[in-house]
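Colleague: If you want my numbering, it's the position in the sequence shown, counting the first as 1, plus 2.
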Amino acid sequence: ASDAAALKTACQTHRPTLVFIETPSNPWLRTVDVAAAAQETHAVGGTLVVDATAATPILMKPLALGADIVMHSATKAINGHSDVLAGVLSTNAPTDPIWEAIKMDRHDAGAVLGPFEAWLLIRAMRTLPLRVERMTENAVTLAQYLHNHPQVEDVFYPGLPHHPGHEVAKQQMSGYGSLLSVLVKGGRAEALKVVGKLQLFLRATSLGGVESLVEHRHTIEPYTGIPENLIRVSVGIEHIDDLKDDWEQALS
Ligand SMILES: *Cc1c(COP(=O)(O)O)cnc(C)c1O
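#1: A39 and I68 - do their beta-carbons sit closer together than 9 Å?
#2: Looking at I60: is its Cβ nearer than 9 Å to the Cβ of E135?
#3: Using CA atoms only, rank isn't needed, just tell me which of T93, T129, G177 is closest to N140.
#4: In this structure, how does DSSP classify E135 when only helix, strand and coil are distinguished?
#5: DSSP three-state call for D53: helix, strand or coil?
#6: Across which residues does DSSP place S75 in a beta bridge pair?
#7: Relative to the C-alpha of S254, which candidate in E42, L200, G210, W101 has its C-alpha closest?
#8: Are there three or more Cβ pairs, one per stretch, closer than 8 Å when the region 45-53 is compared with the region 186-201?
#9: Classify H109 as buried or exposed, calling it buried when 16 or more other Cβ atoms lie within 10 Å of its own Cβ.
#10: Would A95 and T77 qualify as a contact pair, given that the criterion is a beta-carbon distance under 9 Å?
#11: Say the cut is 8 Å; is the CB of L209 nearer than that to a heavy atom of ligand 1?
#12: On the three-state DSSP scale, how would you describe E217?
#13: Which runs of the beta strand (DSSP E) fall wholly inside the region 154-218 and span at least 3 residues, in chain order?
#14: I want to check one thing, is the minimum distance from the CB of N231 to the heavy atoms of ligand 1 below 8 Å?
#15: Have a look at G210, T226, E240 and flag the residue whose alpha-carbon is nearest the alpha-carbon of M127.
#16: Check whether the Cβ of S92 lies closer than 8 Å to any heavy atom of ligand 1, and answer yes or no.
#17: Rounded to whole angstroms, how far is the Cβ of L123 from the Cβ of V86, which I believe are closer than 8 Å?
#18: Short check: CB of L332 to CB of Y147, under 9 Å?
#19: Given the structure, does A39 come close to ligand 1, in the sense that its CB is under 8 Å from one of the ligand's heavy atoms?
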């Protein structure tokens, strides 16, 4: 979907009822032009759904860009404290048949948030803009630092000018988010060694929390072509010097 021409061809060939995109994507950090995807989807009468979890509702407004439905895992930055499982769908068109169907399914299947989780979310969302601001600022600095590090082969982050999705991200987002992937020089063994040496970055699969996390993504998803030297990083709100120092000692 990050290839606009390919997405257009796919829409025209298959005439899909529903197009589901994720931007920026995890763990490749690929970027999809939401406005272009909306145009191609609507041209064949389809509905565009955007998983905007990595962008957060603070940094991107897919409904304003033409999406029909936006999905967020509230388990991630919206809650931000790694202690709630929740999700959000939003729309501009609450009378559309698809939205009626979603509401009916939620009602009948009972996927309704418990009051305690709802309360935790309300509390957490008070600091959502502040957390996202700090996390994004940290991520930009860390991405630049890692990109310039001699032990690093590449960094996937939409905020870096060499990233293929940089221009699209710049256009449709007000910041580049807290998720990045680092490809260390070497292979699996070198990546696992770095992950093992990191002390501040905890090893865990989630993302978007106040604490910085790393994950050797190939171990989690071995059959999807993820490079074995790729370390997925979720940047938290810690002091940037501590984050850089941790990578410096882990890479040396
Ligand atoms: C985590 C995640 C999900 C799934 O959300 P849960 O709240 O864990 O069920 C979906 N999309 C993206 C991009 C995610 O990061």
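Just so you know, even glycine gets a beta-carbon here, dropped at the ideal spot from N, CA and C.
Modeller: Answer, in terms of the structure:
#1: In the sequence shown, counting from the first residue as 1, residue 68 sits at position 66. In the sequence shown, counting from the first residue as 1, residue 39 sits at position 37. The question names Ile, but residue 68 is Gly in the sequence shown. When the beta-carbon positions are compared, G68 and A39 come within less than 9 Å of each other.
#2: Residue mapping note: residue 60 aligns to position 58 of the sequence shown, counting from 1. Residue mapping note: residue 135 aligns to position 133 of the sequence shown, counting from 1. Yes.
#3: On the sequence shown, position 138 is the one that residue 140 refers to. Out of T93, T129, G177, G177 has the C-alpha closest to the C-alpha of N140.
#4: On the sequence shown, residue 135 is found 133 positions in, with the first residue counted as 1. Look at E135 here: in three-state DSSP terms it is helix.
#5: Counting from 1 along the sequence shown, the entry for residue 53 is found at position 51. For D53, the three-state secondary structure derived from DSSP is strand.
#6: As a position in the sequence shown, residue 75 is number 73, starting the count at 1. S75 has G89 as its beta-bridge partners, per DSSP.
#7: Residue numbering aside, residue 254 sits at position 252 when the sequence shown is read from its first letter. The closest CA to that of S254, considering only E42, L200, G210, W101, is found on L200.
#8: No, they do not touch.
#9: Taking the first residue of the sequence shown as 1, we reach residue 109 at position 107. Result: exposed.
#10: Residue mapping note: residue 95 aligns to position 93 of the sequence shown, counting from 1. Residue mapping note: residue 77 aligns to position 75 of the sequence shown, counting from 1. Contact: no.
#11: Along the sequence shown, one-based indexing puts residue 209 at 207. Relative to the non-hydrogen atoms of ligand 1, the Cβ of L209 comes within a distance shorter than 8 Å of at least one.
#12: On the sequence shown, residue 217 is found 215 positions in, with the first residue counted as 1. Shown here, E217 sits in a strand according to DSSP, grouped into three states.
#13: Fully enclosed beta strand (DSSP E) runs of 3 or longer: 154-158, 181-186, 215-218.
#14: Stepping through the sequence shown from its first residue, residue 231 is reached at position 229. Answer for N231: no, Cβ out of range of ligand 1.
#15: Walking along the sequence shown from the start, residue 127 turns up at place 125. When only C-alpha atoms are compared, the closest one is G210.
#16: Start at 1 with the first residue of the sequence shown, and residue 92 comes out as number 90. Not one heavy atom of ligand 1 is found less than 8 Å from the C-beta of S92.
#17: Within the sequence shown, numbered from 1, the residue matching residue 123 stands at position 121. Within the sequence shown, numbered from 1, the residue matching residue 86 stands at position 84. The pair is a contact, with the Cβ atoms about 6 Å apart (cut-off 8 Å).
#18: In the structure as shown, the chain starts at 3 and stops at 254, and residue 332 therefore has no counterpart that could be examined.
#19: If you number the sequence shown from 1, residue 39 lands on position 37. No, the beta carbon of A39 sits no closer than 8 Å to any heavy atom of ligand 1.
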